[in-house]
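In this text, residue positions in the sequence shown follow the working numbering: the first is 107, and each later residue adds one. Worksheet for the structure shown next.
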Amino acid sequence: MILFLDYDGVLHPDEVYTRNGRPYLAVEGKLFMWAHVVEDALADFPDIRIVISSSWARFLGFKRAKNALPRALAARVIGATWHSHMKFPDDGPPLQYPETMWDQMTRYEQIERWAKRAGITDWIAIDDNDEGWPEALRHHLIHTVSNLGLGHEKAARELRSILAGRNR
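Have a look at this one:
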């Protein structure tokens with residue numbers, strides 16, 4: 107199973123900005139303050155891998171985005187929905203993927219494109235952005251509240267419930 111993981115609005119409140127090239131949280135709390143919820147939920151599932159579906163990969167680069175995570179989560183990361191060498195379109199001659207096109211895609215479209223290219227169907231996403239998410243595929247999404255993220259017990263419970271369903 108792949109877990110598409112957003113950062114802002116999921117692992118900490120959505121009020122993250124950069125100053126001198128470094129992210130900072132502009133509200134009370136700290137970056138990755140709810141990352142332990144994901145770590146704890148994944149503890150019994152060593153086969154689950156993470157794909158970063160956060161704009162951190164686009165703006166800070168994949169390596170910095172991955173290394174910003176707590177070590178246990180970073181060890182599970184196998185990629186990101188954005189990569190500096192992305193090509194588009196899927197059929198036809200390889201063209202340099204225009205960054206602005208990626209920026210205009212909904213988070214769902216970014217995830218769908220990655221999953222399609224990887225040929226995976228067993229995945230979930232945790233994100234505070236549900237724009238454009240098809241109703242028929244909402245069972246793949248754990249939708250968080252931007253200022254509460256996984257600090258909101260309802261979202262944390264939903265993650266644990268989905269993973270528990272894998273043991274059946």
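Positions of the beta carbon are idealized from the N, C-alpha and C atoms, including for glycine.
Any non-hydrogen atom of the ligand ATP within 8 Å of residue i CB
i: ILE268; result: Among the ligands in the structure shown, none appear at all, so the ligand ATP cannot be discussed.
Coarse secondary structure for residue i, derived from DSSP in three states
i: PHE110; result: strand
i: ARG182; result: coil
i: ASN173; result: helix
i: PRO119; result: coil
Residue span of the alpha helix (DSSP H) that contains residue i, given as start and end
i: ILE154; result: ILE154 -> no alpha helix (DSSP H), and no H or E assigned at all.
i: VAL143; result: 141–148
i: ALA262; result: 259–270
i: SER161; result: 161–166
i: ILE226; result: Segment: none, ILE226 is in no alpha helix (DSSP H) and carries neither H nor E.
Residues that DSSP places opposite residue i in a beta bridge
i: ASP233; result: HIS249
Extent of the continuous beta strand (DSSP E) to which residue i belongs
i: ARG128; result: 128–131
i: ARG125; result: 122–125
7 Å CB neighbourhood of residue i in its chain, flanking five on each side removed
i: ALA141; result: LEU117, LEU175, PRO176 and LEU179
i: ALA147; result: LEU265, ARG266 and LEU269
i: GLY225; result: none
i: LYS172; result: ILE158, ALA180 and VAL183
i: ARG239; result: The sequence given here has Trp at residue 239, not Arg. Cβ within range, chain order: TYR214 and LEU247.
Nearest residue (CA-CA) to residue i, options the options
i: ASN253; options: ALA171, GLU121 and TYR113; result: GLU121
i: GLU218; options: ARG170, LEU243 and ALA262; result: LEU243
i: SER160; options: ARG170, ASP153, LYS222 and GLU259; result: ARG170
i: ARG263; options: GLY167, GLU215, ALA181 and VAL144; result: VAL144
i: ASP153; options: ASN173, GLY127 and ASP228; result: ASP228
i: ASN235; options: GLY127, ASP150, ALA149 and GLN216; result: GLN216
i: LEU166; options: ASP112, ALA221, TRP220 and GLY127; result: GLY127
i: HIS258; options: PRO119, PHE110 and PRO240; result: PRO119
i: LEU109; options: MET139, GLY135, ILE156 and ALA261; result: ILE156
i: ARG164; options: HIS246, ALA221, ASP112 and ARG223; result: ASP112
i: ARG223; options: TRP188, ALA261, GLU134 and MET139; result: TRP188
Residues near residue i by beta carbon distance below 8 Å, same chain, minus five either side
i: GLU237; result: THR212, ARG213 and TYR214
i: ALA132; result: GLU121, VAL122 and TYR123
i: TYR130; result: VAL122, TYR123, THR124 and LEU137
i: GLY115; result: ASP233, ASP234, ASN235, THR250, VAL251, SER252, ASN253 and GLY255
i: PHE151; result: MET107, LEU269 and ARG272
Close Cβ partners of residue i (< 6 Å) along its chain, the five nearest in sequence each way excluded
i: GLN202; result: Reliability fails at GLN202, whose pLDDT of 49 lies under 50, so the model's placement of it is uncertain and no value is given.
i: PHE168; result: ALA186
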